[in-house]
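The numbering of the sequence shown is numbering that gives the first Met the number 0, which starts it at 0 and goes up by one.
Shown next, in structure tokens, is the structure this report addresses.
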Amino acid sequence: MSHPLPFQAVILGYCARWKLQLYGQKWSKEAQFHMEQAVAGIEKALKGSTAINGDSLAMALTGMALQEERFGSKENAGRYVDQAVQILRSRAGSSNVVEVFLHYVRYLMIPPHNSTTSGEGQQWLATFLRGAEELMLEHRTKAYLSAVPQRYAAFQMDGPLFPLLSSGPRPSQIPEDSRIYVVLGVPTHELTRTAALIYITKTLWDFQDSPSKTGRFLDHLCNIVKNHELDKYPACETFLWLLLEEGCDWDIKDSERGWFTGELLKMHKQLRPDLQFHFNEILFSLLMLVPPIRGIDIFEEEQYSSMLKTSEIF
């Protein structure tokens with residue numbers, strides 16, 4: 000961090016507020032100090048009265064968004080993250096670390112209960128599934144699999160990606176009463192699993208005309224799993240962060256995938272929990288090159304029914 004403001008927002012302020020939660024407290028001088036300093040620093044930076052580069056300001060805003068999401072107001076969290084997005088999207092050459100951090104925080108944010116998405120936005124989910132289905136039909140042909148054998152092997156039950164991307168179950172050797180959670184009540188695994196499914200599918204779609212790039216991308220995924228022992232200790236949260244870092248060949252990188260994933264995930268979060276699960280199962284089945292048991296037509300019907308009920312309520 001090249002400026003003290005993001006350190007105050009991301010590290011000091013977050014830790015002070017987490018400490019309050021840990022000990023069941025509502026207030027402390029330490030937390031108040033770091034909060035006031037971070038908020039004042041951000042306000043000065045936004046007004047242009049403090050010398051700070053865009054990456055540092057975006058990281059500070061993202062840190063405040065994470066704080067508010069976990070310990071404060073979701074509405075404030077949304078405002079902070081929107082400001083960070085505006086800074087990074089309006090300029091080229093942003094730091095990869097800052098973008099990854101912003102994407103990660105956006106993916107983990109839970110929308111307010113009263114938030115809704117337009118019918119057009121919801122239709123985007125079904126359109127994405129249709130594209131994934133079209134891709135699956137192409138990828139499961141003998142000609143394609145002979146050119147890219149990794150396409151089949153990577154997602155099967157004995158493959159390296161199955162433990163990370165499947166819906167479970169995931170038995171743990173740690174007894175329930177011995178587990179310690181950094182944050183309670185946040186479904187980080189399901190959110191990061193959904194984001195990873197979307198990100199991988201989008202990338203495969205981008206490379207539909209290049210079996211060579213598809214093969215190298217799949218090799219990259221398998222290397223991530225092996226190098227970080229995610230096959231032994233599955234953690235989709237870690238896997239997603241490494242995906243976003245794009246530590247792969249330059250010609251298969253594309254920073255836009257992270258932004259695309261965030262926008263589609265935002266729509267996904269508006270679905271009922273059962274439809275979220277259905278969407279994920281369809282995507283993973285298609286990655287496994289298996290037609291889903293409950294297909295896209297059923298998903299669209301239930302999605303449309305859910306939208307009608309929601310519109311009646313509002």
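For each residue, glycine too, the CB sits at the ideal point set by N, CA and C.
Just verifying my parser: in three-state terms, what is the DSSP assignment at residue i?
| i | result |
| --- | --- |
| proline 210 | helix |
| cysteine 247 | coil |
| phenylalanine 216 | helix |
| methionine 306 | helix |
| serine 317 | Not covered by the structure: residue 317. The range shown for the chain is 0 to 313. |
| threonine 140 | coil |
| serine 27 | coil |
| phenylalanine 154 | coil |
| valine 9 | helix |
| glutamine 121 | helix |
| proline 272 | helix |
| methionine 287 | coil |
| leucine 239 | helix |
| leucine 107 | helix |
| valine 185 | coil |
| glutamate 262 | helix |
| asparagine 279 | helix |
| serine 177 | helix |
| arginine 78 | helix |
| lysine 201 | helix |
| methionine 34 | helix |
| isoleucine 86 | helix |
| lysine 231 | coil |
| serine 94 | coil |
| phenylalanine 313 | In this predicted model, phenylalanine 313 has a pLDDT of only 48, less than 50, meaning its place in the structure is not dependable enough to derive any value. |
| lysine 252 | coil |
| leucine 163 | helix |
| valine 147 | coil |
Taking just the CA atoms, how far does residue j sit from residue i?
| i | j | result |
| --- | --- | --- |
| threonine 49 | glutamine 7 | 15 Å |
| proline 291 | aspartate 208 | 24 Å |
| proline 162 | leucine 220 | 13 Å |
| arginine 69 | threonine 237 | 19 Å |
| serine 165 | aspartate 230 | 13 Å |
| glutamate 189 | serine 145 | 33 Å |
| tyrosine 13 | alanine 37 | 11 Å |
| alanine 91 | alanine 57 | 14 Å |
| phenylalanine 313 | glutamate 74 | Low confidence applies here, because phenylalanine 313 scores a pLDDT of 48, under 50, leaving its location unreliable; read the following figure in that light. So the two alpha carbons sit approximately 20 Å from each other. |
| phenylalanine 278 | glutamate 262 | 15 Å |
| leucine 65 | serine 1 | 20 Å |
| methionine 63 | serine 177 | 31 Å |
| tyrosine 79 | leucine 11 | 17 Å |
| serine 284 | alanine 142 | 20 Å |
| phenylalanine 298 | glutamate 280 | 11 Å |
| glycine 167 | threonine 187 | 14 Å |
| asparagine 226 | leucine 241 | 11 Å |
| leucine 87 | asparagine 52 | 11 Å |
Using a 10 Å radius around the Cβ and a threshold of 16 neighbouring Cβ atoms, would you call residue i buried or exposed?
| i | result |
| --- | --- |
| glutamate 255 | exposed |
| glutamate 133 | exposed |
| serine 89 | exposed |
| leucine 270 | buried |
| proline 159 | buried |
| proline 5 | buried |
| serine 304 | exposed |
| glutamine 24 | exposed |
| tyrosine 103 | buried |
| lysine 18 | exposed |
| glutamine 302 | buried |
| lysine 46 | exposed |
| serine 55 | buried |
| glutamate 98 | buried |
Please go through the same chain and pick out, in chain order, the residues whose beta-carbon is closer than 7 Å to the beta-carbon of residue i, but skip the five residues on each side of it.
| i | result |
| --- | --- |
| methionine 306 | Gly118, Gln121 |
| leucine 264 | Tyr106, Thr193, Ala194, Ile197 |
Excluding the 5 residues preceding and the 5 following residue i in the sequence, name in chain order all residues of the same chain whose CB lies nearer than 6 Å to its CB.
| i | result |
| --- | --- |
| leucine 101 | Thr61, Ala83 |
| proline 111 | Lys73 |
| proline 233 | Pro162, Leu163 |
| glycine 294 | none |
| glutamate 245 | Lys252 |
Return the Cβ separation of residue i and residue j in integer angstroms, given the expectation that the two are a contact with Cβ distance under 8 Å.
| i | j | result |
| --- | --- | --- |
| cysteine 235 | threonine 191 | 4 Å |
| aspartate 218 | glutamine 149 | 6 Å |
| alanine 44 | serine 27 | Actually they do not touch by this definition, with Cβ atoms about 25 Å apart. |
| methionine 34 | tryptophan 123 | The Cβ separation is near 37 Å, so there is no contact. |
Excluding sequence positions up to five away, which residues of its chain have a Cβ less than 8 Å from the Cβ of residue i?
| i | result |
| --- | --- |
| leucine 282 | Leu128, Ala131, Leu196, Ile197, Thr200 |
| phenylalanine 216 | Thr202, Leu203, Phe206, Cys247, Ile251 |
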